[in-house]
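Here the structure is laid out as structure tokens; the discussion comes afterwards.
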Amino acid sequence: DRIRIEIVQVPQYSGEHEVLVNGTLNLPLLGSVTVEGLTLEQVASTVASLYESARILRRPRVTVSLLAPRQLQIGVAGEVRRPGSYTVAPQGLQFPTVTQILTLAGGITQAADLSQVQVLRPRSDGTEEAIAVDLQALLETGSLQPDLTLRDGDTIFVPTAPSIVPAAGAQIATASFAGDQAQPINIAILGEVRRPGTHTVTGEGGQGGIPTVTQALQVAGGITSLADIRRVQVRRSTRSGVTQTIELDLMQVLQQADLSQDLLLQDGDTIVVPTASEIDLAAIAQLRFASFAPEQSQPINVAVLGEVNRPGAYVVSGRGGVGGEPTLTQALLAAGGITQLANIRQIQILRQSSMGEILTVEVNLWELLQTGDATQDVVLQEGDAISVPTAIALDPKEASELAAASFSPETIRVNIVGEVRRAGVQNLPPNTPLDQAILAAGGFNPRARRRSVELIRLNPDGTVSQRKISIDLARGVSEESNPPLRNNDVIIVKRSLFASVADVLSVTITPIDRVLTILTLPSRLRSIVDDLSTREESDN
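Okay, here's the thing in structure tokens:
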């Protein structure tokens, strides 16, 4: 330090002096005088006493003033961003305080225990005095008393909090000695997120500009639908080498706007998003609208198997979904819609977790049709496999409702051959009854056998069935007499008895031998009729 010693009416002994490294002053006639650790008043009293005891001056009046304090060496350790030794030049005659040095050291970390800060001050005997500094009280009461003024050689130690407390982290973020915490930080994000790994996260919009958990999840592409957001973990390595873990319930952020669960992060944190042990469709639907949900408007690759018209692999876009997400019903439409044999109550979505485990999501689209439960129209993710099982039995009333569903095909192809007015492939609504299909083909022509037709059907197991169905246009829909048709059914309408006789006659009687066979015609007709009658009886 540089000081001025003023002795009243003794200007020859007055003047400016510098305290040497060993804590002494070199004064006129007195020589070396130790002043280390003394206040200005104590230095004045010591100098006056020495001059008087040496009989150099009688009752001298001495004043000492500080002209320029020397630079201070302050140590900082513990939960600060840049621990180490700092050389500080006092501002004028004002010495730095604890909070000012903490700010100089980059500020405290989120793991700091502000109520247990210590200042270690060296004593002249070589020991240290530990001075407790409760900076938590400073934040809560605004009292400046805990903000201790420092001396040269002091060391500030900021201990690690015993656990991570979200509310304390928010309070730290707004403290003046927290430093600039809006800088990008490097963290690791593992588990049920779209892009697990290390990420650089900035804190736009967070408290004090500090990145939060939900912002970090957004940077990682958002959570997957298998994420258990009630048990998200943050692991934090402290300056003391201990790893602290806190479990967060982000569902509280969505349902109650509890921002204390959206923990403020610090550099080096690790976020772990576990896989849900049970699939909750309502929770999956709620996650679609979370700020940390993924951007799902991009097309995805899925497989659709079972009772759909065109099973296979498909690229599905979510143009029609809420928020643009690809959904289950859109994938079914891409596969040509469900067949009439689909069991939509037990559709399964096979989905791979972040750990490679295949989980099954059970979906009941019948609830979607009956109650409007939109949670059943599950948002898909890349690599999903959809399995639509075969119904054991299907109620005709349900079949008609399924035919009108948005995920059913608009039309089915039915091939009607034989004695109808417009034979060929007919595009009909799903579950069209057989009699309506015949009417769509123009109805029977005059040559048709109207009592029965044949129905050929390709079964789901690859076999082909063929059966004869008696026609009664007065009956309603019935599997026995007027069955609802399926895609690729074939209806065969045969000739009537008289049409068959006429066709045989046209073949057997030619213009050349009409005259020659006129005598044998009656017997030949009887033979033809008997033969056709036998065939008719065998067909029936």
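The sequence shown runs 183 to 722 under the numbering used here. Cβ atoms here follow ideal geometry from the backbone N, Cα and C, with glycine treated the same way. Please read all numbers here as calculations on a predicted model, not as lab measurements.
Residues bridged to residue i (per DSSP)
i, result
"Gln648", "Ile638"
"Leu616", "Answer is none; Leu616 lacks a bridge partner."
"Asp671", "Val596"
"Gln448", "According to DSSP, which records beta bridges pairwise, Gln448 is partnered with nothing at all."
"Ala495", "Ala485"
"Ile290", "Val262"
"Ala314", "Gln300"
"Leu541", "Arg533"
"Phe626", "Val602"
"Leu621", "Beta-bridge pairing links Leu621 to no other residue."
"Ala409", "Thr457"
"Gly257", "Ser267 and Thr337"
"Ile428", "Val416"
"Thr206", "Thr216"
"Val683", "Per DSSP, none; premise fails for Val683."
"Arg240", "Note: Arg240 sits in no beta bridge, so no partner."
DSSP-derived helix/strand/coil call for residue i
i, result
"Ala226", "helix"
"Ala370", "strand"
"Val201", "coil"
"Arg264", "coil"
"Glu583", "helix"
"Val395", "helix"
"Ile694", "Because the pLDDT of Ile694 is 48, which lies under 50, any placement of that residue in the model is unreliable, and the number read from its coordinates should be weighed accordingly. Note: Ile694 maps to coil in three-state DSSP."
"Phe471", "coil"
"Gly503", "At Gly503 the pLDDT is 47, less than 50, meaning the model places this residue with poor confidence and gives no usable figure here."
"Phe590", "As written in the sequence, residue 590 is Ser, which differs from the Phe given in the question. Three-state DSSP puts Ser590 in coil, outside helix and strand."
"Ala524", "strand"
"Leu211", "coil"
"Gln434", "helix"
"Tyr195", "coil"
"Thr309", "coil"
"Glu564", "coil"
"Ile283", "helix"
"Glu662", "coil"
"Ser332", "For the record, residue 332 in the displayed sequence is Leu; it is not Ser. Leu332 falls in the coil class under three-state DSSP."
"Gln608", "strand"
"Ser422", "coil"
"Gln273", "strand"
Cβ distance (whole Å) where residue i is taken to contact residue j below 8 angstroms
i, j, result
"Thr281", "Ser358", "7 angstroms"
"Pro328", "Leu317", "6 angstroms"
"Ala467", "Thr557", "4 angstroms"
"Leu447", "Thr394", "6 angstroms"
"Ala567", "Leu487", "7 angstroms"
"Pro612", "Ser590", "5 angstroms"
"Gly266", "Arg421", "12 angstroms between Cβ atoms; not a contact."
"Leu616", "Asn664", "5 angstroms"
"Gly519", "Val490", "7 angstroms"
Contact with chain C by residue i, beta-carbon distance below 8 angstroms
i, result
"Thr228", "Looking for chain C here will not work: only one protein chain is present."
Residue span of the alpha helix (DSSP H) that contains residue i, given as start and end
i, result
"Ile187", "First-last for Ile187: Arg184 to Ile189, but that is the beta strand (DSSP E), not the alpha helix (DSSP H)."
"Glu322", "Leu317 to Thr323"
"Glu549", "Leu547 to Thr553"
"Gln530", "That residue, Gln530, is in no alpha helix (DSSP H); its beta strand (DSSP E) goes Ile529 to Gln534."
"Thr351", "Checking the sequence shown, residue 351 turns out to be Gly, not Thr. Unbroken alpha helix (DSSP H) run through Gly351: Pro348 to Ala355."
"Gln512", "Leu510 to Ala516"
Limits of the unbroken beta strand (DSSP E) element including residue i
i, result
"Leu248", "Val244 to Ala250"
"Pro304", "Val299 to Pro304"
"Val602", "No beta strand (DSSP E) contains Val602, which DSSP labels as neither H nor E."
"Ala567", "Ala567 to Val570"
"Ser419", "Val414 to Ser419"
"Thr342", "It is not in any beta strand (DSSP E) - Thr342 carries neither H nor E in the DSSP assignment."
"Val490", "Where Val490 is concerned, there is no enclosing beta strand (DSSP E), given that its DSSP letter is neither H nor E."
"Thr380", "Gly379 to Val383"
Other residues of its chain near residue i: CB distance less than 7 angstroms, five sequence neighbours each side excluded
i, result
"Tyr195", "Ile189 and Pro210"
"Leu698", "Only weak support exists for where Leu698 lies, its pLDDT of 49 falling under 50; the coordinates are left without a value."
"Trp548", "Ile526 and Arg527"
"Gly624", "Val602, Arg603 and Arg604"
"Glu200", "Arg184"
"Ala464", "Thr557"
"Ile313", "Gln300, Val301, Arg303 and Leu330"
6 angstroms Cβ shell around residue i - same chain, five flanking residues per side excluded
i, result
"Gly503", "Because Gly503 carries a pLDDT of 47, less than 50, the predicted location of this residue cannot be relied on, and the following value inherits that uncertainty. Excluding positions up to five away in sequence, the list reads Thr509."
"Val454", "Leu372, Gly373 and Gln415"
"Val672", "Asn597 and Ile638"
"Gly450", "Ser419"
"Gln298", "Pro341"
Other residues of its chain near residue i: CB distance less than 8 angstroms, five sequence neighbours each side excluded
i, result
"Gly554", "none"
"Thr593", "Asn609, Leu610, Pro611 and Pro612"
"Ile694", "In this prediction, Ile694 has a pLDDT of 48, which is less than 50 and means its spatial position is unreliable; what the coordinates show is noted afterwards. Cβ neighbours of Ile694 beyond the five flanking positions: none."
"Ile346", "Gln292, Ala293, Val416, Arg418, Gln426, Thr427, Ile428 and Leu445"
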